[in-house]
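Single-structure report; data block below.
There are 2 protein chains.
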Amino acid sequence: MTSRRSARGTLAGDAEEPPAAPVPEQATRPLRADAARNRQRILEAAEEVFARDGIAVPIDTVAERAGVGVGTLYRHFPTKEALFEAVVLRRLDELLAAVAEPADDATASFFAFLEQMGEQVALKHDLFDALAEAGVDLEARCAAKVGTLKEEVRALHGRAVAHGGVRADITADEVMGLVIGACSHAQAPGAVDDSTRRMVRVVCDGLRTDR
Amino acid sequence: MTSRRSARGTLAGDAEEPPAAPVPEQATRPLRADAARNRQRILEAAEEVFARDGIAVPIDTVAERAGVGVGTLYRHFPTKEALFEAVVLRRLDELLAAVAEPADDATASFFAFLEQMGEQVALKHDLFDALAEAGVDLEARCAAKVGTLKEEVRALHGRAVAHGGVRADITADEVMGLVIGACSHAQAPGAVDDSTRRMVRVVCDGLRTDR
DNA sequence: CACTATACGGAACCTGCGTTCCGTTTGTCA
DNA sequence: TGACAAACGGAACGCAGGTTCCGTATAGTG
């Protein structure tokens, strides 16, 4: 969290994904019943704890919340960052799913998506905050997914601009930055408050050409 | 940095300021020549390093940058937080000075100030970021100054709203959050880039009633 | 029910960082 | 220039948190 490394350590690069399937929950070996249960618990606990306290929270807290020992946690996720990545990945998927929703009005769907993004970010605020800041460097898989997200935003933005409802003098990255920035100040993590909604609305209004 | 405490520890509350003068550089005793020089160097180094790497940077880095030993650093500032506070305090003063500038059009002066704030935040981004996030809790003196800043924003905003140029359905806190959020994603720390400026502009436009 | 691979828990270890301590250096004043 | 308080530097300390290790428990199987 302090310094930046160029993502990717000595381990698997991105040339790893092609061969195997998306690897939903298990793949190599069946995984014993209790192990599967614990893995799930850990993921849930991590999601909760990271969202509330940010990535700086000690790993013991996650383990405790999940009701397992640290050893168990490390058996499932080789590193704190790996756990974080797993959690973020899930959330990114949710967000990307939202983008897939149909909409005929380009401008409207652009703003709708921004609001979606706002909700997500505000809800799990520290988590996404960390994601968005350059502070954390996500390993290959996460970075790739973030790239996809950016692509989507770019596309939506492009269409909305073409449609004439959104100003063109701003990049997709900047749009993301604005929304994320607005939400990173959300108060109560765990609930999207009116304040956050208002802030996102201001950003959206600032992006409009009409009004 | 991880959790939150209610500001103010066992030490001096705010009931400390009234008696003494603003305490510009020295007060109790003349301070030896080299000591004064070092103190200055440390402050400058800290400002630079904190701005670039954020408050998480190890204190040794500051000491090294300043060309002094850690011992010396601690002689001048009893604690890392105290050093941070000293640095932030200075910057807050600059910002508050900007607010004092005259302007006849309430709306214009409101936006002018937001831009000022944007510059400051973007320039020293991690620093202000840390300040704005609830993550760091500033001790009494800082908190007080931040309070003053909020008051100013509130006043400017109120006047601008009365003047009819700015929407009323948003609080001063939220306005600050928006600007800070927008700037916390600034790229190169040390230089305000066009990107940041564009983002602040979007926020300002979103706050306008006219357009 | 016995046997074994798998998984568990948490003490122990290691590193990084804030802070303290103390022997040495240096500015200042007579 | 000599004496001494003030200031310096950096090794050493303590703690916090990530990671490893290993003895113990248990699901799954014949």
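Just so you know, the protein sequences line up as chains A and B, in that order.
The working numbering applies: residue 3 is where the first sequence begins, and numbers increase by one.
The working numbering applies: residue 3 is where the second sequence begins, and numbers increase by one.
All residues carry an ideal CB built from backbone N, CA and C; glycine is no exception.
- Along chain B, in chain order, which residues have C-beta atoms closer than 8 Å to that of A:H159? Within 8 Å Cβ-Cβ: nothing; A:H159 doesn't reach chain B, min ~13 Å.
- Task: Residues of the segment 166 to 180 of chain B with a CB closer than 9 Å to any CB of chain A: list them in chain order, please.
- Result: R169, D171, I172, T173, D175, E176, V177, M178, G179 and L180
- Item | Environment of A:T109 [buried if 16+ CB atoms lie within 10 Å] | buried
- With DSSP run on the structure shown, which of helix, strand or coil describes A:R210? strand
- Message: List, in chain order, every chain B residue whose beta-carbon is nearer than 8 Å to that of A:D95.
- Response: Within chain B, no residue comes near A:D95; the closest Cβ sits about 23 Å away, beyond 8 Å.
- Buried versus exposed, by CB contacts within 10 Å (16 or more), B:E176: buried
- Residue interval of the alpha helix (DSSP H) (run including B:V70): Run containing B:V70: none; DSSP gives neither H nor E here.
- Inter-stretch contact at 8 Å, needing at least 3 Cβ pairs: the segment 112 to 121 of chain B / the segment 199 to 207 of chain B: yes
- What's the gap between the Cα of A:R41 and the Cα of B:T81? 41 Å
- Message: Suppose the cutoff is 7 Å on Cβ atoms and the five residues either side in sequence are ignored; what does the same chain contact list for B:V163 look like?
- Response: A170
- Task: Spatial neighbours of A:F112 within its chain, please: CB distance less than 8 Å, with the 5 preceding and 5 following residues excluded, ordered by chain position.
- Result: L158, H159, R161, A162, G167 and V168
- Query: Quick one: which chain A residues come within Cβ less than 7 Å of B:D207?
  - Reply: G208
- My understanding is that B:T198 touches B:A124, with C-beta atoms under 8 Å, so please give their C-beta distance in whole angstroms. 4 Å
- Determine, using beta carbons only, whether A:V123 comes closer than 8 Å to chain B. no
- Item | Where the alpha helix (DSSP H) containing B:S111 begins and where it ends | A108 to L125
- Query: Would the beta-carbon of A:R156 fall within 8 Å of that of A:A184?
  - Reply: no
- Message: Assuming B:D171 is part of the alpha helix (DSSP H), what are its boundary residues?
- Response: Neither: B:D171 is in no alpha helix (DSSP H) and is coded neither H nor E.
- Message: For a contact defined as C-beta to C-beta under 9 Å, what are the partners of B:G200 on chain A?
- Response: The identity of residue 200 of chain B in the sequence shown is Arg, whereas the question assumes Gly. Those are D171, I172, T173 and E176, listed as they occur along chain A.
- Task: Verify whether the separation of the beta carbon atoms of A:R43 and A:A68 is less than 8 Å.
- Result: yes
- Query: When you compare each of A:A53, A:D106 and A:E154 to A:E121 by their alpha carbons, which one comes out closest?
  - Reply: A:A53
- Could you give the DSSP three-state label for B:I182: helix, strand or coil? helix
- Does any heavy atom of the ligand COA sit closer than 7 Å to the C-beta of B:F112? The ligand COA is not among the ligands present in this structure, which contains no ligands whatsoever.
- Message: Rounded to whole angstroms, what is the Cα-Cα separation between A:A202 and B:V181?
- Response: Looking at the sequence itself, residue 202 of chain A is Val, so the reference to Ala does not match. Taking the straight line from one Cα to the other gives about 12 Å.
- Contact set between B:V204 and chain A, taken where Cβ atoms lie within less than 7 Å: I172, L180, V205, G208 and L209
- Taking only the alpha-carbon atoms, compute the straight-line gap between B:A102 and A:G73 and give it to the nearest angstrom. 58 Å
- Flag this pair as yes or no: are the beta carbons of A:L75 and A:A88 separated by less than 8 Å? no
- Query: Would you say B:S197 reaches chain A, if we count a Cβ-Cβ gap shorter than 8 Å as a contact?
  - Reply: yes
- Buried or exposed: B:L94, going by 16 or more other Cβ atoms within 10 Å of its Cβ? buried
- Would you grab the beta carbon distance between A:L91 and A:L151 for me? Rounded to a whole angstrom, and I think it's under 8 Å. About 12 Å; that fails the 8 Å criterion.
- Query: So, are the CB atoms of B:G179 and A:H78 less than 8 Å apart?
  - Reply: no
- Message: For the alpha helix (DSSP H) containing A:A84, name the first residue and the last one.
- Response: K82 to A102
- Message: Whole angstroms are fine: how far does the CA of B:D196 sit from the CA of A:D36?
- Response: 54 Å
- Message: What residue range does the alpha helix (DSSP H) around B:I44 cover?
- Response: A35 to D55
- Neighbourhood of B:E154 by C-beta distance below 6 Å, restricted to the same chain and skipping five residues each side: V101
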